[in-house]
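**Student:**
Numbering (the UniProt record's numbering), first residue to last: 1 to 431.
As structure tokens, then:
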């Protein structure tokens, strides 16, 4: 929530700009009529609320931010968000996910309380605060409390897990062993084709999803003229459908794997097509919906909902490739794909600066769709979920040296003086 709250509230924080004719045309439709006009039933008559003239509204508490400045604010969250992805994975290996992830939530929530103060102080004070939020961000303060109580780093540490569930999880972790003092195979990870293919697919899906999540409120406000109440509802409700879809799609994927109806790789590829390929189709359709608000809402909800399959697709692929280094792979992937979070708003700011039109926003959605299609095709053609050879843990160099010495040392065979059957080949010098 702390990641997307400013995406929505910025609609009510900036001064309204003069709408071009195309934008004005989009206000005159059924959805806007329903969302803009409140009605009440009195004596079987419906009386619309008198329209509020723009000159009657006081905008003294709003900010004159341009589209470029708005893109700067929305993208600032992701500027350094990548910087903690890989270190976070390394820290999670050492101290446990519970502490590292939870502490990030807590710090981000504290910074969130300062947003109103920094906003009124200076634009770049707000930008700096959002950068800090992105640096530490994960979730929110309230979730942190439940996180400490309910989340545990491994099945063995969970106090309430059943023996049956614990056995099921441990049996399906692949070749996973206790980490101990291990050396991370950086060279193998950085040169692994399957890892980079999965990252490319994640890039496409992340670009499409972040475009919908970050830019939808601004698009609804400027093009369709919806107020913050309508924008908030239409921007937030798709995520509820996404959560429900993710749950049931994951169940279906597990069933396909458990019953051997389909190979693991094919299950992941279908999930990739659903969460990224279908999303790209819906985003493209959204861009060509123009002023048809009903279609806009349908494609917006559909594009966000199908992204729920990501939990059974590219995210799960990293665990398939290497259960032992999954946190490292996810962190490294996050470092790369999080760039979508600030590149996309910057492009939107450039394309729509003083030009809030349907045609310009169509370009925004076309760019997002192209990214999703590229990611989908790459994974469908080259993607795999086979466990990689470097998933086997290798001990640190010191331990490797000791083990090598043990393996190469010649065995010592003590020969009794009276043993005449011993050959010269078997005789060894003993201490």
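Cβ coordinates follow ideal geometry from the N, Cα and C atoms, glycine included.
Nothing here was measured: the structure is a model prediction, and the numbers come from that model.
Report, in whole angstroms, the separation of the C-beta atoms of residue 375 and residue 193, which I expect to be a contact under 8 angstroms.
**Tutor:** Taking the chain shown and counting its residues from 1, one reaches residue 375 at position 375. Taking the chain shown and counting its residues from 1, one reaches residue 193 at position 193. Actually they do not touch by this definition, with Cβ atoms about 15 angstroms apart.
**Student:** Within this structure, are the beta carbons of residue 201 and residue 378 separated by less than 8 angstroms?
**Tutor:** The residue given as residue 201 occupies position 201 in the chain shown. The residue given as residue 378 occupies position 378 in the chain shown. Residue 201 is a Cβ neighbour of residue 378, given a cutoff of 8 angstroms.
**Student:** Once you ignore the five residues that flank residue 325 on each side, which residues in its own chain have a CB closer than 6 angstroms to its CB?
**Tutor:** For this step, residue 325 is matched to residue 325 along the chain shown. When the five nearest sequence neighbours on each side are left out, no beta carbon in the same chain lies closer than 6 angstroms to the beta carbon of residue 325.
**Student:** What residue does the alpha helix (DSSP H) around residue 223 start on, and which one ends it?
**Tutor:** Position 223 of the chain shown, counting from 1, holds the residue named residue 223. Taken as a continuous stretch (DSSP letters only), the alpha helix (DSSP H) holding residue 223 covers 193-224.
**Student:** Of the residues 384, 212, 294, 368, which one's Cα is nearest the Cα of residue 318?
**Tutor:** Taking the chain shown and counting its residues from 1, the one referred to as residue 318 is at position 318. Nearest C-alpha to residue 318: 384.
**Student:** Hey, which unbroken runs of the alpha helix (DSSP H) at 4 residues or more fall wholly within the segment 294-356?
**Tutor:** 314-321, 326-337, 340-352
**Student:** With 16 other CB atoms within 10 Å as the buried threshold, where does residue 233 fall?
**Tutor:** Working through the chain shown from its first residue, we reach residue 233 at position 233. Classification for residue 233: exposed.
**Student:** Out of curiosity, what's the CA-to-CA distance linking residue 126 and residue 357?
**Tutor:** By one-based count along the chain shown, residue 126 stands at place 126. By one-based count along the chain shown, residue 357 stands at place 357. Looking at the two C-alpha atoms, the distance is approximately 28 angstroms.
**Student:** Taking the straight line between their C-alpha atoms, what separation do you get for residue 286 and residue 343?
**Tutor:** Numbered from its first residue, the chain shown carries residue 286 at position 286. Numbered from its first residue, the chain shown carries residue 343 at position 343. Near 20 angstroms, if we compare the C-alpha coordinates of residue 343 and residue 286.
**Student:** Evaluate residue 242 with the Cβ neighbour count: other Cβ atoms within 10 Å of its Cβ, from every protein chain shown; 16 or more gives buried, anything less gives exposed.
**Tutor:** By 1-based counting over the chain shown, the position of residue 242 is 242. By the neighbour-count rule (16 or more Cβ atoms within 10 Å), residue 242 is buried.
**Student:** Taking the alpha helix (DSSP H) that residue 116 belongs to, which residues open and close that run?
**Tutor:** For the purposes of this step, residue 116 is taken as the residue at position 116 of the chain shown. Note, residue 116: alpha helix (DSSP H), 115-121.
**Student:** If you check the beta carbons only, do residue 366 and residue 284 fall under 8 angstroms apart?
**Tutor:** In the chain shown, counting from the first residue as 1, residue 366 sits at position 366. In the chain shown, counting from the first residue as 1, residue 284 sits at position 284. Contact: yes.
**Student:** Near residue 341, what residues of its chain come up, given a Cβ to Cβ distance below 6 angstroms and the 5 sequence neighbours on each side ignored?
**Tutor:** The residue given as residue 341 occupies position 341 in the chain shown. Closer than 6 angstroms at Cβ, skipping near neighbours: 78, 210.
**Student:** For residue 244, report the span of its alpha helix (DSSP H) as first-last.
**Tutor:** By one-based count along the chain shown, residue 244 stands at place 244. Start and end: 228-258.
**Student:** List the residues that DSSP assigns as beta-bridge partners of residue 14.
**Tutor:** The count along the chain shown starts at 1 and reaches residue 14 at position 14. According to DSSP, which records beta bridges pairwise, residue 14 is partnered with 63.
**Student:** Starting from the C-beta of residue 320, find all residues in its chain whose C-beta is less than 6 angstroms away, skip the five residues before and the five after it, and write them out in chain order.
**Tutor:** Position 320 of the chain shown, counted from the start, is the residue given in the question as residue 320. Correct list, in chain order: 385.
**Student:** Quick check: residue 345 and residue 112, are their CB atoms within less than 8 angstroms of each other?
**Tutor:** On the chain shown, position 345 is the one that residue 345 refers to. On the chain shown, position 112 is the one that residue 112 refers to. No, Cβ-Cβ distance for residue 345 and residue 112 is not below 8 angstroms.
**Student:** Going by the CB atoms, is the gap between residue 70 and residue 218 shorter than 8 angstroms?
**Tutor:** In the chain shown, the residue the question calls residue 218 occupies position 218. In the chain shown, the residue the question calls residue 70 occupies position 70. Yes, these two residues count as a Cβ contact at 8 angstroms.
**Student:** Under 8 angstroms between the Cβ atoms of residue 267 and residue 256?
**Tutor:** On the chain shown, position 267 is the one that residue 267 refers to. On the chain shown, position 256 is the one that residue 256 refers to. Yes.
**Student:** To the nearest angstrom, report how far apart residue 237 and residue 261 are at their CA atoms.
**Tutor:** In the chain shown, residue 237 corresponds to position 237, counting from 1. In the chain shown, residue 261 corresponds to position 261, counting from 1. Between residue 237 and residue 261, the C-alpha separation is close to 34 angstroms.
**Student:** Can you tell me which of 240, 170, 105 puts its alpha carbon nearest to the alpha carbon of residue 308?
**Tutor:** Along the chain shown, one-based indexing puts residue 308 at 308. Comparing Cα positions, the closest option is 240.
**Student:** Which residues in the same chain have their Cβ closer than 8 angstroms to the Cβ of residue 26, if we skip the five residues on either side of it in sequence?
**Tutor:** Within the chain shown, the letter at position 26 stands for residue 26. For residue 26, where only same-chain residues beyond five positions count, the Cβ hits under 8 angstroms are 32, 223, 224, 225, 290, 291, 293, 358.
**Student:** Determine the burial state of residue 164: buried for a count of at least 16 other Cβ atoms within 10 Å of its Cβ, exposed for fewer.
**Tutor:** Translated into positions along the chain shown, residue 164 becomes position 164. It counts as exposed.
**Student:** Helix, strand or coil for residue 26, going by three-state DSSP, please let me know.
**Tutor:** Stepping through the chain shown from its first residue, residue 26 is reached at position 26. Looking at residue 26 - three-state DSSP - the assignment turns out to be helix.
**Student:** Counting C-beta neighbours from all protein chains within 10 Å, is the total for residue 185 16 or more, i.e. buried, or is it exposed?
**Tutor:** Position 185 of the chain shown holds residue 185. It counts as buried.
**Student:** Using beta-carbon positions only, say whether residue 337 and residue 199 come within less than 8 angstroms of one another.
**Tutor:** Along the chain shown, one-based indexing puts residue 337 at 337. Along the chain shown, one-based indexing puts residue 199 at 199. Cβ distance < 8 angstroms, so residue 337 and residue 199 count as in contact.
**Student:** Taking only beta-carbon positions, decide if residue 222 is within less than 8 angstroms of chain B.
**Tutor:** Annotation note: the requested chain B is absent from the structure, which comprises a single protein chain.
**Student:** Would you mind stating whether residue 372 and residue 276 have Cβ atoms separated by less than 8 angstroms?
**Tutor:** For this step, residue 372 is matched to residue 372 along the chain shown. For this step, residue 276 is matched to residue 276 along the chain shown. Yes.
**Student:** If you check the beta carbons only, do residue 282 and residue 313 fall under 8 angstroms apart?
**Tutor:** By 1-based counting over the chain shown, the position of residue 282 is 282. By 1-based counting over the chain shown, the position of residue 313 is 313. Contact flag unset, no.
**Student:** Which one of 130, 272, 120, 124 has the shortest CA to CA distance from residue 110?
**Tutor:** Sequence index remark: in the chain shown, residue 110 carries index 110 (1-based). Selected option, being the one with the closest Cα: 130.
**Student:** If you draw a straight line from the C-alpha of residue 296 to the C-alpha of residue 105, how long is it?
**Tutor:** Locating residue 296 in the chain shown gives position 296, where the first residue counts as 1. Locating residue 105 in the chain shown gives position 105, where the first residue counts as 1. Cα to Cα, residue 296 sits roughly 33 angstroms from residue 105.
**Student:** Among 115, 212, 335, 368, which one has its Cα closest to the Cα of residue 298?
**Tutor:** Residue 298 sits at position 298 when you count from the first residue of the chain shown. For residue 298, the closest alpha carbon among the candidates 115, 212, 335, 368 is that of 212.
**Student:** With H, G and I counted as helix, E and B as strand and the rest as coil, what does DSSP make of residue 168?
**Tutor:** To locate residue 168, count along the chain shown from 1; it is residue 168. DSSP, reduced to helix, strand and coil, places residue 168 within a helical segment of the structure shown.
**Student:** Please list the terminal residues of the continuous alpha helix (DSSP H) segment that includes residue 379.
**Tutor:** As a working note, residue 379 is residue 379 in the chain shown. Segment 358-382, the alpha helix (DSSP H) holding residue 379.
**Student:** Could you check whether residue 208 and residue 156 sit closer than 8 angstroms to each other, using their CB atoms as the reference points?
**Tutor:** For the purposes of this step, residue 156 is taken as residue 156 along the chain shown, with counting starting at 1. For the purposes of this step, residue 208 is taken as residue 208 along the chain shown, with counting starting at 1. No.
**Student:** How big is the Cα-Cα spacing for residue 445 and residue 116?
**Tutor:** The displayed coordinates of the chain run from 1 to 431. Any statement about residue 445 would go beyond what the structure contains.
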